[in-house]
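Enquirer: Got a structure for you, written out below as structure tokens; questions coming shortly.
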Amino acid sequence: NYSRVMTMLLIPFTLCTARLQIFVFLAAIFFSAAVAPWIIFLLYVFSFFAVIFIGLVLKLFHVAGRPEPFIMEMPPYRLPTVRSVGFRTWHELKDFLSRAATFIMVGVLLVWFLIHMPIDAQPASAATWAGHLGQALGPVFKPLGIGWQETVALIFGFIAKEIVIGGLAVIYGGADMAAHMTGHISALQAISFMLFCLLYTPCVATIAAIWTESRSIKITAISL
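Residues in the sequence shown are numbered consecutively from 56, following this note's numbering.
Structure representation (structure tokens):
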């Protein structure tokens, strides 16, 4: 049980494919082709250190209980077959398309709605409902260099991390999205934003999986 709980609490700090999409997207905009891969690599390294550090903290305060002997039989490793690779690829693609047709699309539509309401406000301005929502959380995110536009994307990223990119695309949409973003966000702010994406609350699907596996409000709340 100790190992299961520790795994549940630490997995959200790993760099998942949804977060990787955000990092690749932002690194390509704010950094050169020579620097961007190193930014991604350092984020991977940072995620490893985050897992180790948080794991030590959880162990120190016995959040997951007391360590216990754990033995797991390792299966023999074999080269993957074309059929197994194809099956896994189709499974992952189908899962993403399912989320894209539900959570991601709904989240992006909500962001679009918030940046266009009320009708008399200029779209994507601080006078919109999205602007009011982002500015209300300004005192929390301003020290991190994160503006209200990025804050709105992060809020809906709780539903699914892929919505962060969709939200930014809607907010900074236009003829040249990259120019709009680089004109508003510095490279240092982009790094701060990526680090926050790496560490902040897991998405709804992860929280649901933790609840399903643990059946514990305490463990789920700690992860959240």
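Even glycine gets a Cβ: it sits at the ideal position worked out from N, Cα and C. As the structure is a prediction and not an experimental result, all values here were calculated from the model.
Looking only at C-alpha atoms, which of Ala181, Pro130 and Val259 sits nearest to Ile159?
Expert: Here the closest residue by C-alpha is Val259.
Enquirer: What three-state label does DSSP hand Glu128 in the structure shown?
Expert: Three-state result, Glu128: coil.
Enquirer: From Ile265 to Tyr57, what does the alpha carbon distance come to, in whole angstroms?
Expert: Their Cα atoms are separated by approximately 14 Å.
Enquirer: Here's the rule I'm using: 16 or more other beta-carbon atoms within 10 Å means buried, otherwise exposed. How should Ser180 be labelled?
Expert: Classification of Ser180: exposed, given that the 10 Å Cβ count is below 16.
Enquirer: If you reduce the DSSP assignment to three classes, tell me which class Ser139 lands in.
Expert: Ser139: helix per DSSP, three-state reduction.
Enquirer: Would Ala242 and Phe101 qualify as a contact pair, given that the criterion is a beta-carbon distance under 8 Å?
Expert: No, Cβ-Cβ distance for Ala242 and Phe101 is not below 8 Å.
Enquirer: Which of helix, strand or coil does DSSP assign to Arg121?
Expert: Looking at Arg121 - three-state DSSP - the assignment turns out to be coil, as it is neither helix nor strand.
Enquirer: Compute every distance between the C-beta of Ser269 and the non-hydrogen atoms of the ligand MG, then say whether any falls below 7 Å.
Expert: In the structure shown, the ligand MG is absent, as is every other ligand, since no ligand is present at all.
Enquirer: Helix, strand or coil for Val166 per DSSP?
Expert: Val166 falls in the helix class under three-state DSSP.
Enquirer: Measuring only the C-alpha atoms, how far is Leu113 from Ile272?
Expert: Using only the alpha carbons, I get a separation of about 17 Å.
Enquirer: What residue does the alpha helix (DSSP H) around Pro92 start on, and which one ends it?
Expert: Its alpha helix (DSSP H) spans residues Ala91 to Leu115.
Enquirer: Under a three-way DSSP split, which group does Tyr255 fall into?
Expert: Residue state, collapsed to three classes: coil.
Enquirer: Leaving aside the five residues before and after Leu65 along the sequence, list all residues of the same chain whose C-beta is less than 7 Å from its C-beta, in chain order.
Expert: Answer for Leu65: Val106, Ile109 and Gly110, listed in chain order.
Enquirer: Helix, strand or coil for Thr62 per DSSP?
Expert: Three-state DSSP puts Thr62 in a helix.
Enquirer: Tell whether a beta-carbon distance below 8 Å holds between Ala73 and Lys216.
Expert: Cβ distance < 8 Å, so Ala73 and Lys216 count as in contact.
Enquirer: Helix, strand or coil, according to DSSP, for Pro194 in the structure here?
Expert: Residue state, collapsed to three classes: helix.
Enquirer: Report buried or exposed for Ile126, applying the criterion of at least 16 other Cβ atoms within 10 angstroms of its Cβ.
Expert: Per the 10 Å Cβ criterion, exposed.
Enquirer: Below 8 Å between beta carbons: does that hold for Ala245 and Ile226?
Expert: Result no, Cβ atoms of Ala245 and Ile226 do not sit closer than 8 Å.
Enquirer: Grab the span of the alpha helix (DSSP H) containing Gln76 for me, first residue to last.
Expert: Segment Thr72 to Phe85, the alpha helix (DSSP H) holding Gln76.
Enquirer: So, are the CB atoms of Ile220 and Phe80 less than 8 Å apart?
Expert: Yes.
Enquirer: Please name the residue, chosen from Met61, Thr62, Ile84 and Thr69, that lies closest to Ala234 on a Cα-to-Cα basis.
Expert: Closest option to Ala234, Cα to Cα, is Ile84.
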